[in-house]
Structures are given as C-alpha cells and as structure tokens.
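Enquirer: Following this message is one structure expressed as structure tokens.
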Amino acid sequence: MGRRDTLVHRLADWAERKPGAPAIHERSEDGTWRTYSWAEYWQAVRDTAKGLIALGHQVGDCVALVGGSRCGWVISQFGIMAARGVPAPIYPNSTADQAAYIVQHSRCKIAIADTDEQLAKYLKGIERELMSVKQLIVMDEPDTPNDVVMSLAALQKLGRQQSDDDLDQRLEDLTINETALLIYTSGTTGTPKAVQLSNHNMVSISDALLACFPRLRSQVPFRIVSYLPLCHVAEQIATNFAQLDTGGQVFFCADMTQVKDHLTEVRPTVFLGVPRVWEKFQAVLSGRFAEAKPPKSWLARWARQTELRCFEEEVRTGKPCMPWSRKLARKLVISTVKGALGLDQLALAVTGAAPISRGTLDFFASLGIVIHEVYGQSETSGILTSARHGRPRFGSVGKALDGVQLKIAEDGEILAKG
C-alpha cells in the first residue's frame, strides 16, 4: 500500500482505466436513470473540490453533509476529500439541534445538504446561533439562492473556472495517514462522538474484507443498491470502499420506500441489509407462503426444506451438495422467489450492526440466499470479523479479518488490534 493509495486516488485510477464505463446511477424525477461514467464521476469530484478551494476551503477543514443516498452525496464527499478536507456526515433524520452540534463540533465553515428540507436544519441552527458557517450548499437547486446558499451545480461551475494547479498539488500531497472521514456515533448515551478514520483505515478495511469474498474482484461484477444512510460506516464500506476496490457500479436509492423497486430493476450482485431489513423481507414472504394453497404450498415447503438441508450439508462437510432434488427445487420455486425479490443474481448477502436471529438466517438460506454476518464498530473502521464466502457458520460472526488481532479480556471485553 503506497502513500498515495487513498480512496480518492483509486477513484482517479478507475477514471483513467475505464473512463466510459458506468460508475454511479440515480433515478431522475421522470423515472429515468441518471448515470455517471467513471470519467464523469471523477470530473464532477474535481469540479466540486476546486469550487470548495475557491470558497476558501483549507487543508484539514471539515465540511458537513446531510441527506439521503444519492450521486450528489458521494460526489460531494470525494470532492471534500480531494481538497484534503474531512467530510462530517449527519444522519438525515437528525434534528436541527443535532445537526448544529455536529457542525459546531467539527468546526465546519461549509455545510452541504441534499434538499431544501435538510437545508432548513442548518438555517435554523444559524438563526438560533447554535452554529456558524460561511457557506451552505444544496445538491438540488435551492428555492432561494443568495450569498450564503448556493447549489452544488453552482459550486461546480465555480470550480470549472479555477486553475487545476492548487487541486493537483493537494492530490499530490494527499497521503494515507491523513484523517479523511468523520463518523459520528448515534449519541444514544450522550452527545455524538466523532470517530476519525484515515485513508489508511478505509483502504485497509476494504482490502481485508474483499479478501474474504475474492469472487467480487474477479468473477462477479460488483453491483449494489445503496439505500442506507452514508453517515453510517457500514454503508460507506459497501458503497464507497468496496466499489473503489472492484470498479463496480452503485445504484442510489434516496427513498427507502423505493428499495424493492430498485432491487427488481437493478438485480444487484451484492446486498447489505441490517437485520431489520431482512426481517421485513421475511415477514412479507412468510405471509405469502401462509396464503398459498395446496399444491403450491406443499411444493414451496418441500423446495425450501430441500434447499436448507443441502446448504447445511455443505457447511458440515465443506463439499458441494447438488442432488437432482435441489436442482428441481431451485427451478420450480427458489429461482422464482429470488427473482421476485430482485435477488436472483445475488452473489453476496451481508448483515451487521445488530444481532440477527438464527430463524431469519435459516429462512433465507432455505431460499438460496446465504446471509454473511460481519462484526465491528465505527471505531474499528467498521469491521473486525467476517464470515467467509459461501458457507458461513450461522450464529457466528466469522473470523478476524487479515491484519486484525482479537483477544477476550478477563472481564469478557473484546480487545482488538490491527
């Protein structure tokens, strides 16, 4: 890992290696997809970075970010990073007071929001003198642009009017040991705490995690729907770190109610769901299975039992188990159910951030969807352990990632080093 092997440099590298290939996508208001190629993605990041520098952004400055998962978010995030700044993400459901706390705590002079609704939180914080910023930027076109509020498009236009020299020098000086991202804890036991992640932290965790799932680098095209808040380290890993490791595609879904529609259209090869998401899927499917009448109900029960039995045999023996009965079960039932979910091309299903029940794991394994558990905290760059690809042991969060050392203290506390 070289001194310049950062996420930003990886983005620039993909733009050079396959400039015309699709990188990130989001739905437009008319329902069509807006796609950025790698070259367009990198250019938008550069324009954003130069715009920030033109506004007076200094090396090491934090910039607040609030909003849903969308192209503008990652363009803003990497624009901040390219300018050698530090993004300070804020949960989209935060109150104005909570947003103001993070802006003040991280000493942001610039704050970015995705919509006027989120912008209002910053404005309220300024009005109540809870925070002070010099510039507010909105990813959408703001209703009332002024000297303080401007659109992301206007920022990028400003950037295009600047010389490349300052940005290129900052990119040259950017190293893996610099703080590159703040992840704020939820603040359930007090005020949120900022976890400082370096470029080294993020690249290392990405490399170690992808080593557990090598097919995503060589055999399976990386394609994911990003819908969880990007202020959470798990979504950062799934959306940003892994994409820049594989050169794959991200489809953003800012509206959680539209996730199902995105899945059935995108047909991702990777899907990250916290336990609550998997449980909601399970509840819907269980209801449909319960409504089925014979002989469909009998066939579905037989197919799921067959699939689960063969999976458990594979885990027990470490060898493939593909009798004719499993092939038939997949053809008649399993493939149809997975297709209806939009998960028929899934190569990797992941969960973390909270415990998941054995019943939920078995339920999806009976449908040919093997969920892999990961474990970690924001303070450990997100992940310490991961199940290995294909045959995880349910009830276990897997083994330590490469480069991670774990130890159980006498009081039962988990000690980690790496």
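In the numbering used here, the protein residues as written are 16 to 433.
Here a beta-carbon is modelled for each residue, glycine too, at the ideal position from N, C-alpha and C.
Note that the structure is predicted; figures quoted are calculated from it, not measured.
Using DSSP bridges, identify the partner residues of serine 401.
Expert: DSSP lists Val389, Lys414 as partners of serine 401.
Enquirer: Using the rule of at least 16 other Cβ atoms within 10 Å of the residue's Cβ for burial, across every protein chain shown, is isoleucine 423 buried or exposed?
Expert: With fewer than 16 other Cβ atoms within 10 Å, it is exposed.
Enquirer: Does tyrosine 106 come out as helix, strand or coil in the three-state DSSP assignment?
Expert: Coil, per DSSP.
Enquirer: With a cut-off of 8 Å, do at least 3 Cβ pairs link the segment 237–256 to the segment 326–335?
Expert: Judged by Cβ distances under 8 Å, the segment 237–256 makes no contact with the segment 326–335, as fewer than three pairs qualify.
Enquirer: Going by DSSP, name the residue or residues bridged to serine 340.
Expert: Answer is none; serine 340 lacks a bridge partner.
Enquirer: Take glutamate 294 and list the residues in its own chain whose beta-carbon comes closer than 7 Å to its own, dropping the five residues that flank it on each side.
Expert: Result list for glutamate 294: Thr375, in chain order.
Enquirer: For glutamate 428 and tyrosine 390, I'd like the C-alpha separation in whole angstroms.
Expert: C-alpha separation (whole angstroms): 14 Å.
Enquirer: Between the Cα of tryptophan 11 and the Cα atoms of Val348, Cys246, Pro157, which residue gives the shortest distance?
Expert: Coverage of the chain is limited to positions 16 through 433, which leaves residue 11 absent and any answer about it impossible.
Enquirer: Go through the segment 145–184 residue by residue and report every complete run of the alpha helix (DSSP H) that reaches 4 residues or more, in order.
Expert: Taking only runs of at least 4 residues, the alpha helix (DSSP H) segments lying wholly in the segment 145–184 are 167–175.
Enquirer: Quick check: the Cα distance between threonine 21 and glutamine 360, rounded to an integer number of angstroms?
Expert: Rounded to whole angstroms, threonine 21 to glutamine 360 spans 30 Å at the Cα level.
Enquirer: Please report the distance separating the alpha-carbon of leucine 356 from that of threonine 194.
Expert: Near 39 Å, if we compare the C-alpha coordinates of threonine 194 and leucine 356.
Enquirer: Since serine 372 sits in a beta bridge, which residues does DSSP pair it with?
Expert: Beta-bridge pairing links serine 372 to no other residue.
Enquirer: State the start and end residues of the unbroken alpha helix (DSSP H) segment that holds proline 7.
Expert: The structure shown does not extend to residue 7, since the chain spans only 16 to 433, so no value can be given for it.
Enquirer: Can you list the alpha helix (DSSP H) stretches of 4 or more residues lying completely in the segment 79–124, in chain order?
Expert: With a minimum length of 4 residues, the continuous alpha helix (DSSP H) runs that stay inside the segment 79–124 are 86–97, 111–120.
Enquirer: What does DSSP give as the partner residue(s) for alanine 128 in the beta ladder?
Expert: Val81, Val153.
Enquirer: Tell me which residues share the same chain as histidine 404 and place their Cβ nearer than 8 Å to its Cβ, disregarding the 5 neighbours each side in the sequence.
Expert: Correct list, in chain order: Cys227, Phe228, Pro229, Arg230, Leu363, His387.
Enquirer: Along the alpha helix (DSSP H) that carries valine 330, what are the first and last residues, could you check?
Expert: Element bounds for valine 330: 311–332.
Enquirer: Assuming serine 221 and aspartate 260 are in contact, meaning their beta carbons sit under 8 Å apart, how far apart are those beta carbons, in whole angstroms?
Expert: Going by Cβ atoms, the distance from serine 221 to aspartate 260 rounds to 5 Å, so yes, they are a contact pair.
Enquirer: Give the secondary structure of phenylalanine 266 by DSSP, where H, G and I count as helix, E and B as strand, and everything else as coil.
Expert: Note: phenylalanine 266 maps to strand in three-state DSSP.
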